[in-house]
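To start, the structure under review is shown below, and the notes come after it.
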Amino acid sequence: MLPSTASCRKAHRWLLEHRIPFHERNMNAQPLTEVEIKHLLQYTYDGIDDLISTKSNAYRRLAKTTPIEDMPLSEAVHVLSQTPQLLRRPIIFDDHRLLCGFNQDEIRMFIPRDQRVLKMQAMAKHQMA
0 MLPSTASCRK AHRWLLEHRI PFHERNMNAQ PLTEVEIKHL LQYTYDGIDD
50 LISTKSNAYR RLAKTTPIED MPLSEAVHVL SQTPQLLRRP IIFDDHRLLC
100 GFNQDEIRMF IPRDQRVLKM QAMAKHQMA
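Structure (structure tokens):
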């Protein structure tokens with residue numbers, strides 16, 4: 000995460016509000032390694048595209064010469080590890096799920112299942128009353 004980005008601040012606040020433990024890492028100061036990026040790719044639906052910030056200046060600069068989408072996977076992983084500004088932020092993951100970028104609806108997947116069930120039951124009970 001980068002505390003200077005709005006998405007990271009929102010995610011940080013949301014995780015604290017929902018009491019979900021997390022580890023924070025400044026990816027500019029401590030970039031993801033190639034091994035870590037490959038690990039994250041296991042959780043993506045669209046591969047490298049899920050990790051890339053197409054709105055970033057780094058992406059626009061790179062797209063002028065060699066678009067990352069046109070690179071072989073090993074080369075793209077290497078470029079991402081060397082240019083962390085290309086990655087969407089925040090990157091939130093656990094042993095089963097990955098979310099790149101802040102999305103108010105999708106981040107709810109990190110609420111433990113038992114808490115989600117209890118909340119749904121409370122909402123249903125409230126609607127019946």
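Quick note: the sequence shown uses numbering that gives the first Met the number 0, first residue 0, plus one each step. Note that CB positions come from ideal geometry on N, CA and C, so glycine has one too.
Exercise for the section: Using 10 angstroms around the beta-carbon of Gly100, count the other beta-carbons present and answer buried if the total reaches 16, otherwise exposed. Expected result: Position 101 of the sequence shown, counting from 1, holds the residue named residue 100. Buried is the call here.
Handout entry: 8 Å CB neighbourhood of Asp48 in its chain, flanking five on each side removed
Key = Mapped onto the sequence shown, residue 48 falls at position 49. Residues of the same chain with a CB within less than 8 Å of the CB of Asp48, apart from the 5 flanking positions on each side, are Glu68 in chain order.
Problem - First through last residue of the alpha helix (DSSP H) which encompasses Ile106 - result: On the sequence shown, position 107 is the one that residue 106 refers to. Looking at the DSSP string, Ile106 is not in any alpha helix (DSSP H), and its letter there is neither H nor E.
Handout entry: Neighbourhood of Phe21 by C-beta, 6 Å cutoff - its chain only, sequence neighbours within 5 removed
Key = By 1-based counting over the sequence shown, the position of residue 21 is 22. Apart from the 5 residues on each side of it in sequence, Phe21 sits with its Cβ closer than 6 Å to the Cβ of Leu14 in its chain, given in chain order.
Problem - Beta-carbon gap between Ser73 and Leu31 smaller than 8 Å - result: One-based indexing of the sequence shown puts residue 73 at position 74. One-based indexing of the sequence shown puts residue 31 at position 32. It is not a contact, given that the beta carbons lie outside the stated cut-off.
Handout entry: Proximity below 8 Å, CB of Ile90 to CB of Phe109
Key = Taking the sequence shown and counting its residues from 1, one reaches residue 90 at position 91. Taking the sequence shown and counting its residues from 1, one reaches residue 109 at position 110. No, the Cβ-Cβ distance between Ile90 and Phe109 is not below 8 Å.
Practice task
On a CA-only basis, which of Gln29, Ala10, Ile36, Tyr42 is nearest Asp94? Give me that one, please.
Solution key: Numbered from its first residue, the sequence shown carries residue 94 at position 95. That would be Tyr42, whose Cα lies nearest to the Cα of Asp94.
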